[in-house]
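Below is one structure, written out as structure tokens; the observations come after it.
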Amino acid sequence: MDSDGTQDARGTHASPVPRPAGPPEVPAMPPRPPRAPGMPPLPDGSAFLTWLRAPRPDAAPGVWRFGHRPRPAEEPEEIPTRQLLSGALIAFLVGWLIWSLLQNGYLGTWWWVPFDLIVPDAWRGGDSDLGETGTFVVYQGYELLVALGIMVGAARLGRWGEVWRRFVTPRFRRPEAQETRTTPEDDPAQWNELRAAGAADAAERLTADARTGLMRDVDHARILRAWQGVRTGRHSLATFTGAVLKDGAAACLHPSGERDLPARLARHDLVTGQVRLGTTVDDARNPYAYRGTGLALGPDLLGTSLVAVGPAGSGKTGTVVRPLAESLCLHALAGRAAVVVVGAAGAGLGPADAYDVVVRIGNQDSEYDLDLYGGSTDPDEAAAVLAEALVGDLADPHPGSDSRRSTTVLAQLLGPFRAVHGRFPSVPELRQLLDGAPGPFAALRQGLQEAGQESLLRELDARERQMGQPGDVGGVLGDRVALLDRPAFAGFFDTSGQSRPFTLKALDHPVRVRIDLPQRGHADASKMLARLVLAQFTASVAVREDRSLFACLLLDDATGVVTPEAVRGIQRLRSGNAGVVLTLRTLDDVARPLRGPLLGATGCRMALSGLTPWDGQDFAEVWGKEWTEARDVTDRQIIAETPAGKAVHMLRRVITGKAPTARAVTVRQVERERWSASELAHGVPAGHAVLSLTDVKGEHAPPLLVDLRG
């Protein structure tokens, strides 16, 4: 079936990687089941069905919904444990004392008055109609009722119910994942939506595969994605049904033929689309509803983009970028997302076989190349993206600035060259043109004259007149292009069709891409290439026809990447169902005028442990202030006026060594920072982070202290 999960994920300028001849063989024993927490692999599909049927209640942004137990928004007033237990014991002793006094007659016989008024006279005495045994039962029954009444009063007085709920019930509570009660009408394993639409045979096949252990979490998500295509009219019901009846849980495969990643390090839930990053700390600074809950991210939050700041070793790559990359690769296998992961070679962003395309820039063994012009055929569009990559960091760092002059210079060369040669120039050719080499200019002029391209000839004349003039940026562009015209990159950025260039135009498909940058020995070139990928990404996702596919760029170490144009591009991503994840060692790697706009353009902001006070100040400003209750306690010395009072005060001073005082408590509402710069710099433990969230619907989560190791 030609569904969202079966399109050519490698649709680049070069020939795509051949697809497997058919779906992978399904072994007799089920493959690795989905990672249901605490669930051992079972051959009959029980683990998958338990995972699928687990409760996932609606929750606030960032809450790990798998098995989540909602908590009240405000913290209830909880009695201290010592006070609660002592009160329960005292209430029991008081009840016992009262019962003992009643039994021994110390409180009189008034408590028998209700018995005398209600019980008939014939039931009393040994010679009654009931006999001795019946009379004994009547009397003992009444005493039991009185004892129960005393016990109920003691229980209410001693809060025995609270003791039971706090200390006894948790010991007998069953695991969350096993508390699953479903009916056939709401059982997700029954595929009732398919049955209602007339695809009962397909639903039966999928149900059987789930019960026999042939279905995984990725299969479930991928088939749901294909069914969405049927509901929206992109695919026919007959085609979908035929694919499911033929292949079952392996229907609508990703072009790679893969149904899972080689390995998973993080906890994923593809029903909600979340990946768990840690646990929200049970801290007074966190809202009560978040305390102790899992912290998870998904496309609904990444769609507003994320910036994470922390020094080297704080866990940006291992605890943030790697889990997010793993999650988005799973979404891509399910036909839901396209992901591009950019980082230094050997940064630990996942194994190569977890990606469809791996571009190793500077490594001659790389199977793929990177298209310098982003797959564009428009000289002006290609010039704008390339100018941002080359000199975007040299533009005025104020949000309103741009690199139009550099774009114009490049367009004056790219347009004529493409008209003559049918392609854009390679790196050496572009460097010669920017340096004003006479031979290439003369050949280009002659080609334009022979083709009768008068308008492009005027462009070339204008470029020649500007060369050497004060303020001409051609020399700066040439110097930047020279960073790519090195022997290490000799086989890259080819435009003659001899290599397999990857272009970000392929983000219309559920593709998984990893780009390794040659930071060792080529730091400036790596920053330039990172800007190039970001510029191509923001330009490509803005013109996608199918925006139901979530596109995300993960940029590990965005030093030198944040420019005025990049900030504007990030602001436009939310409307295109796309987002970026940027990590920085410090906000000093971003120009001062751009720090506020960057934090404002991203909906999710993370400050990891080890932050400097200067970086903490920027986060404190963007997170703002809140009203809180402040308690001022004042001790005032008591002055005795009578001789007896003075004597008592003197005795207390001799015993305690302190003068008698009276304590006054003043409660007032004050406005204070949610997290101060000092707290962010010195109050975040190692392995922790403070994270604020905003989803694509506009719902907010305040800054949360999160344990990234939990």
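Under our numbering, the letters of the sequence shown match residues 1368 to 2077, in that order.
Idealized CB from N, CA, C, for every residue including glycine.
Reference residue i; option with closest CA among the options
i: R1423; options: A1778, L1961, W1531 and A1663; result: A1663
i: R1952; options: Q1938, G1977 and L1965; result: G1977
i: A1906; options: A1762, A1974 and G1742; result: G1742
i: A1918; options: V2034, I1882, P1666 and A1933; result: P1666
i: D1999; options: V1843, R2030, G1991 and V1724; result: R2030
i: D1760; options: K1894, D1732 and A1712; result: K1894
i: V1480; options: V1929, Y1506 and L1464; result: Y1506
i: L1632; options: R1703, G1715, D1650 and D1649; result: G1715
i: D1763; options: T1930, C1971 and K2013; result: T1930
i: P1654; options: Y1735, R1790 and A1440; result: A1440
i: V1486; options: R2041, V1504 and L1949; result: V1504
i: L1901; options: A1756, R1432 and A1892; result: A1756
i: G1429; options: T1646, R1962, G1729 and E1571; result: T1646
i: L1573; options: S1694, F1607 and I1457; result: F1607
i: P2069; options: S2045, G1516 and F1986; result: F1986
i: L1515; options: G1462, L1474 and G1472; result: G1462
i: T1744; options: D1736, A1933, F1784 and R2020; result: F1784
i: E1826; options: S1942, L1777, A1857 and A1593; result: L1777
i: P1992; options: R1941, F1808, R1652 and A1945; result: Contrary to the premise, residue 1992 reads as Lys rather than Pro in this sequence. Answer by Cα proximity: R1652.
i: L1524; options: R2076, S1453 and V2034; result: S1453
i: R1431; options: E1552, E1445 and D1636; result: Strictly speaking, residue 1431 in this sequence is Trp, with Arg absent from that position. Selected option, being the one with the closest Cα: D1636.
i: T1476; options: I1446, I1457 and E1510; result: E1510
Presumed contact (8 Å Cβ cut-off) between residue i and residue j, rounded CB distance
i: V1611; j: A1569; result: 4 Å
i: L1628; j: A1721; result: 5 Å
i: S1672; j: T1969; result: 4 Å
i: L1824; j: V1787; result: At roughly 11 Å, the Cβ-Cβ gap does not stay under 8 Å, so L1824 and V1787 are not in contact.
i: Q1547; j: A1421; result: The sequence given here places Thr at residue 1547; Gln does not occur at that position. Rounded, the Cβ-Cβ distance is 6 Å, consistent with contact.
i: G1967; j: V1947; result: Actually they do not touch by this definition, with Cβ atoms about 14 Å apart.
i: N2005; j: T2028; result: Note on residue identity: the sequence assigns Ile, not Asn, to residue 2005. About 6 Å; that satisfies the 8 Å criterion.
i: S1773; j: L1844; result: 6 Å
i: V1709; j: L1921; result: 7 Å
i: D1923; j: V1726; result: About 15 Å; that fails the 8 Å criterion.
i: R1867; j: D1723; result: Between D1723 and R1867 the Cβ distance is about 12 Å, and since that is not below 8 Å, they are no contact.
Identified DSSP bridge partners for residue i
i: A1704; result: F1917
i: D2074; result: T1646 and H2055
i: D1883; result: G1710 and R1727
i: L1664; result: V1642
i: H2067; result: T2061
i: P1868; result: D1736
i: V1674; result: L1949 and R1972
i: V1430; result: L1662
i: E1993; result: R2039
Inter-residue Cα distance where the pair is residue i and residue j
i: E1625; j: A1701; result: 10 Å
i: L1687; j: V1676; result: Per the sequence shown, the amino acid found at residue 1687 is Val instead of Leu. The alpha-carbon atoms of V1687 and V1676 are separated by roughly 11 Å.
i: A1556; j: D1586; result: 12 Å
i: L1451; j: P1443; result: 15 Å
i: T1448; j: R1526; result: 12 Å
i: R1438; j: V1535; result: 19 Å
i: G1670; j: E1529; result: 43 Å
i: T1995; j: G1685; result: 35 Å
i: Y1657; j: Q1595; result: 32 Å
i: P2052; j: V1642; result: 23 Å
i: T2001; j: V2032; result: 6 Å
i: P1718; j: G1640; result: 22 Å
i: D1875; j: L1753; result: 21 Å
i: P1746; j: D1425; result: 48 Å
i: V1358; j: A1751; result: Beyond the ends of the chain as shown, which are 1368 and 2077, falls residue 1358; an answer cannot be given.
i: T1950; j: G1680; result: 12 Å
i: R1972; j: W2042; result: 13 Å
i: L1899; j: A1575; result: 48 Å
i: Q1799; j: Q1813; result: 17 Å
i: A2056; j: G2012; result: 56 Å
i: A1593; j: V1638; result: 14 Å
i: D2074; j: T1660; result: 11 Å
Any non-hydrogen atom of the ligand NAD within 6 Å of residue i CB
i: G1741; result: Inclusion of the ligand NAD in the displayed structure is not the case, the ligand content being empty and no account of it being possible.
- request: For the stretch 1996-2062, list the alpha helix (DSSP H) runs that are entirely contained and at least 4 residues long, ordered along the chain.
  value: Listed in chain order, the complete alpha helix (DSSP H) runs (minimum 4 residues) inside the stretch 1996-2062 are 2010-2023 and 2044-2049.
- request: Could I get the ranges of all uninterrupted alpha helix (DSSP H) runs contained in the stretch 1931-1988, with 4 residues as the minimum, in chain order?
  value: DSSP runs (the alpha helix (DSSP H)) wholly in the stretch 1931-1988: 1931-1938 and 1959-1968.
field: 3-residue-minimum beta strand (DSSP E) runs that sit fully inside the stretch 1585-1651, ordered along the chain
entry: Listed in chain order, the beta strand (DSSP E) runs fully inside the stretch 1585-1651 are 1634-1636 and 1641-1647, counting runs of at least 3 residues.
- request: Report the residue ranges of all beta strand (DSSP E) runs contained in full by the stretch 1691-1766; include only those spanning at least 3 residues, in chain order.
  value: Segments of the beta strand (DSSP E) lying fully in the stretch 1691-1766: 1704-1711 and 1724-1727.
message: My parser needs the alpha helix (DSSP H) runs of 4 or more residues fully inside the stretch 1762-1847; what are they?
response: Taking only runs of at least 4 residues, the alpha helix (DSSP H) segments lying wholly in the stretch 1762-1847 are 1771-1788, 1794-1802, 1805-1818 and 1821-1833.
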